[in-house]
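These notes are about the structure you will find just below.
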Amino acid sequence: MGRTLAEKIIARASGAADLRPGEIVTCRVDLALLLDSGGPRRIWPRLKELGVGPRDPDRIVLVTDHFVPAVDAESAAILKLTRDFAREYGIRRFYDMQGIGHVRLMEEGLVEPGMFACGGDSHSSNAGAFGAYMMGFGAIEMTGIVVTGEIWVPVPATVRVDWNGRFARGVTAKDVMLVLCRELGMDNAFRAIEYGGDTVAAMSIGERAVLCNMAAELGAETGLVEADAATLAALRAAGREPAPDALSWRSDPDAAYAERRAFDAAALAPQVAAPHSPANSGPVGDAAGERIDQAYIGSCMGAKLTDLRMVAEVLRGRRVAPGVRFLVAPASQQVWADAAADGTLAAITAAGATLLPTGCGACAALGAGVLAEGETCISSTNRNFKGRMGANSARVFLGSPYTVAASAVAGRIADPREFLQ
Amino acid sequence: MSVVRGGAWVFGDDVNTDVLAPGLYFKAPMEEMARHCLEAVDPRFAREVQPGDVVVAGARFGVGSAREQAAMALQHLGVGAVLAVSFGRIFYRNALNFGLPVLFFPAARDIAAGEALEVDAVAGRIASPATGREWSVNGIPPHLMEMVQAGGLMPYLKRRLAQPSAENR
Numbered sequence: 001m002g003r004t005l006a007e008k009i010i011a012r013a014s015g016a017a018d019l020r021p022g023e024i025v026t027c028r029v030d031l032a033l034l035l036d037s038g039g040p041r042r043i044w045p046r047l048k049e050l051g052v053g054p055r056d057p058d059r060i061v062l063v064t065d066h067f068v069p070a071v072d073a074e075s076a077a078i079l080k081l082t083r084d085f086a087r088e089y090g091i092r093r094f095y096d097m098q099g100i101g102h103v104r105l106m107e108e109g110l111v112e113p114g115m116f117a118c119g120g121d122s123h124s125s126n127a128g129a130f131g132a133y134m135m136g137f138g139a140i141e142m143t144g145i146v147v148t149g150e151i152w153v154p155v156p157a158t159v160r161v162d163w164n165g166r167f168a169r170g171v172t173a174k175d176v177m178l179v180l181c182r183e184l185g186m187d188n189a190f191r192a193i194e195y196g197g198d199t200v201a202a203m204s205i206g207e208r209a210v211l212c213n214m215a216a217e218l219g220a221e222t223g224l225v226e227a228d229a230a231t232l233a234a235l236r237a238a239g240r241e242p243a244p245d246a247l248s249w250r251s252d253p254d255a256a257y258a259e260r261r262a263f264d265a266a267a268l269a270p271q272v273a274a275p276h277s278p279a280n281s282g283p284v285g286d287a288a289g290e291r292i293d294q295a296y297i298g299s300c301m302g303a304k305l306t307d308l309r310m311v312a313e314v315l316r317g318r319r320v321a322p323g324v325r326f327l328v329a330p331a332s333q334q335v336w337a338d339a340a341a342d343g344t345l346a347a348i349t350a351a352g353a354t355l356l357p358t359g360c361g362a363c364a365a366l367g368a369g370v371l372a373e374g375e376t377c378i379s380s381t382n383r384n385f386k387g388r389m390g391a392n393s394a395r396v397f398l399g400s401p402y403t404v405a406a407s408a409v410a411g412r413i414a415d416p417r418e419f420l421q
Numbered sequence: 422m423s424v425v426r427g428g429a430w431v432f433g434d435d436v437n438t439d440v441l442a443p444g445l446y447f448k449a450p451m452e453e454m455a456r457h458c459l460e461a462v463d464p465r466f467a468r469e470v471q472p473g474d475v476v477v478a479g480a481r482f483g484v485g486s487a488r489e490q491a492a493m494a495l496q497h498l499g500v501g502a503v504l505a506v507s508f509g510r511i512f513y514r515n516a517l518n519f520g521l522p523v524l525f526f527p528a529a530r531d532i533a534a535g536e537a538l539e540v541d542a543v544a545g546r547i548a549s550p551a552t553g554r555e556w557s558v559n560g561i562p563p564h565l566m567e568m569v570q571a572g573g574l575m576p577y578l579k580r581r582l583a584q585p586s587a588e589n590r
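These protein sequence lines are chains A and B, in that order. With our numbering, the residue at position 140 of the first sequence is 140, and numbering never jumps. With our numbering, the residue at position 4 of the second sequence is 425, and numbering never jumps.
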């Protein structure tokens, strides 16, 4: 019987010859992503208590993104501690205020096919876009990983999700994930989601990252896409020469999937998730007309260059509706520079949107753009739980960058297809 | 790990990490964060929960973020165990790594608010003495028993680091 990509990576990282879903194995960790949120701030005191340092500082990537830039004494202290940690232990891959960690890994070419990686954040599955198996953990387990270099994981059952056909205009990978949160549910622990089909094959790595990122919302161990020519091209663009065996990180033709699901991309309409769950989704028409106070473009999955270009496409020649705050926080400094160079940012600011610093920001009620009681927001982010972006009574709708931009112009939730004629 | 005895605090599905550990208090010390634990769904909880009380919930308890403060806040407030139909995977792992017993409990929806419960996480036994009901569930996973019995990952790591032969296997 053949093996799935997830099983192959777990087998390689654990050294076990034969594995079955449900078994528990211990894996060597190729790369550990630590963020300012649950990184040194929470791990360093524990290292001191244990009387040890990181086992292998060169396997650590450290990023400040949750509390940047500092807005008060508390965030300033957390960031200072993070910088001190990098200096103390000689962390070479320390990216300070340069972008959101999951996006920095992609830009630096730090994740590659077949890699087993761990991150101190639930959206670590983002790296699956490169054919890597990357999982999110709390800081307590990241402490163990930093100290021992290993972690126990269940061998997941793999769910294969195929999308075939071409998207209609105004439809994106985000709409795919809002459908999947509804169709697969959010209870997929002990399962890995493998995305495929010709729709996925035609996607850029950035779009594939949207699929893998929101595997977190599916509750899965992780999400991943088999390596192909686009994967290699993205690695080279990031300055990393792919390993000779990179393309071998694919599922076998006779792999045993726990479940197979197939969807028609051509029939897909833009989707919106209503408060307070990504699974509470439906066609944009169901939510159309909802008045909004704020539109937000941000986070590790909703503010990359492809996302900002979608926003600019809608905004060119239009203005943000009176009474609506349209906030745009590019996912990284590189995204910012690229979007400035190609005219994307000019189109966004000319329409009356406000640019915010790179970082996790309002997505998790940490930075600029949090919501007041009773306010309504539509957001390109991945999660809309109660209180997620600020006050408990605030309502957050999720949509694609197209849908968020169209809604900002209309002042109410709007179908982006009306703006993309 | 001793048997937990306490009253049930009953919640529905999808009690997520944003309501367990709200982002607005992310930078605050645990004392303050814990005061806001679950306030979006039950403002009484953080004020009135008693040491040993048991949180009982539906599907996907702790779904969402990797923030370990979600499990720490419950532990800080003295919660003795969490019983849920299912858990968010990172929450589940975090809780056990802090030595907070969490058990998959298919009958969670049959428990009434305030019902007195006894939970033996090691044996996988849940009892409601007043109603005479008793359930057998999967206990702490065998591969984690040693770590949980040690009190969580930190005491376990301390023990492991003190035995260099085990470390360099």
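Cβ coordinates follow ideal geometry from the N, Cα and C atoms, glycine included.
Nearest-angstrom Cα separation, counted from residue j out to residue i
i: residue 590(B); j: residue 584(B); result: Below a pLDDT of 50, predicted positions are generally treated as unreliable, and residue 590(B), at 43, falls in that range; the measurement from the model is reported next regardless. Residue 590(B) and residue 584(B): Cα-Cα distance of roughly 11 Å.
i: residue 317(A); j: residue 346(A); result: 12 Å
i: residue 478(B); j: residue 135(A); result: 25 Å
i: residue 8(A); j: residue 513(B); result: 25 Å
i: residue 238(A); j: residue 249(A); result: 19 Å
i: residue 508(B); j: residue 421(A); result: 44 Å
i: residue 489(B); j: residue 311(A); result: 34 Å
i: residue 102(A); j: residue 209(A); result: 9 Å
i: residue 198(A); j: residue 3(A); result: 21 Å
i: residue 157(A); j: residue 521(B); result: 27 Å
i: residue 75(A); j: residue 68(A); result: 8 Å
i: residue 319(A); j: residue 212(A); result: 33 Å
i: residue 552(B); j: residue 21(A); result: 39 Å
i: residue 169(A); j: residue 568(B); result: 53 Å
CB contact check: residue i to chain A, cutoff 9 Å
i: residue 588(B); result: Because the pLDDT of residue 588(B) is 46, which lies under 50, any placement of that residue in the model is unreliable, and the number read from its coordinates should be weighed accordingly. Yes, its Cβ sits closer than 9 Å to a Cβ of chain A.
i: residue 511(B); result: yes
i: residue 419(B); result: What the structure shows of chain B is the stretch from 422 to 590, and residue 419(B) is not part of that stretch, so it cannot be assessed.
i: residue 481(B); result: yes
i: residue 445(B); result: yes
i: residue 505(B); result: no
i: residue 571(B); result: no
i: residue 575(B); result: yes
i: residue 452(B); result: no
i: residue 500(B); result: no
Contacts around residue i, its chain only, beta-carbon distance under 8 Å, and the 5 residues preceding and following it disregarded
i: residue 146(A); result: 32, 34, 43, 47, 54, 55 and 60
Local Cβ density within 10 Å of residue i, reported as buried at 16 or more and exposed below that
i: residue 174(A); result: buried
i: residue 587(B); result: Bear in mind that a pLDDT of 48 at residue 587(B), under 50, signals an unreliable position, so the number given afterwards is only what the model happens to contain. Exposed, by the Cβ-count rule.
i: residue 18(A); result: exposed
i: residue 561(B); result: buried
i: residue 423(B); result: exposed
i: residue 205(A); result: buried
i: residue 362(A); result: buried
i: residue 260(A); result: exposed
i: residue 291(A); result: exposed
i: residue 185(A); result: exposed
is_contact[residue i, chain B] using C-beta, thresh 9 Å
i: residue 78(A); result: yes
i: residue 44(A); result: no
i: residue 49(A); result: yes
i: residue 272(A); result: no
i: residue 376(A); result: no
i: residue 407(A); result: no
i: residue 14(A); result: no
7 Å Cβ shell around residue i - same chain, five flanking residues per side excluded
i: residue 470(B); result: 430, 498, 499 and 500
i: residue 558(B); result: 524, 525, 526, 545 and 547
i: residue 434(B); result: 479, 480 and 481
i: residue 344(A); result: 308, 309 and 312
i: residue 182(A); result: 279 and 281
Close-in-space but distant-in-sequence residues of the same chain around residue i (CB under 6 Å, 5 per side omitted)
i: residue 406(A); result: 314, 414, 416 and 419
i: residue 93(A); result: 61
i: residue 160(A); result: 194, 257 and 260
i: residue 486(B); result: 438
### Query
At a Cβ cut of 7 Å, what residues of the region 175–207 of chain A count as close to chain B, listed as they run along the chain?
186, 187 and 189
### Query
According to a CB-to-CB cut-off of less than 8 Å, which residues of the region 132–146 of chain A neighbour chain B?
136, 137, 138, 139, 140, 141, 143 and 144
### Task
Select from the region 92–122 of chain A all residues with a C-beta closer than 9 Å to any C-beta belonging to chain B, and list them in chain order.
119, 120, 121 and 122
### Query
When you check each C-beta in the region 543–564 of chain B against every C-beta of chain A, which residues fall closer than 7 Å?
564
### Query
In chain order, what residues of the region 425–440 of chain B put their CB closer than 7 Å to some CB of chain A?
435, 437, 439 and 440
### Task
For the region 465–497 of chain B, enumerate the residues whose C-beta is nearer than 7 Å to any C-beta of chain A, in chain order.
480, 481, 484, 485, 486, 487, 488 and 489
### Task
Could you list the residues in the region 340–365 of chain A with a C-beta less than 8 Å from some C-beta on chain B, going in chain order?
364 and 365
### Query
When Cβ atoms are compared, which residues of the region 269–298 of chain A fall closer than 7 Å to chain B?
277
### Query
Using Cβ-Cβ distances below 9 Å, what residues of the region 519–541 of chain B are close to chain A?
519
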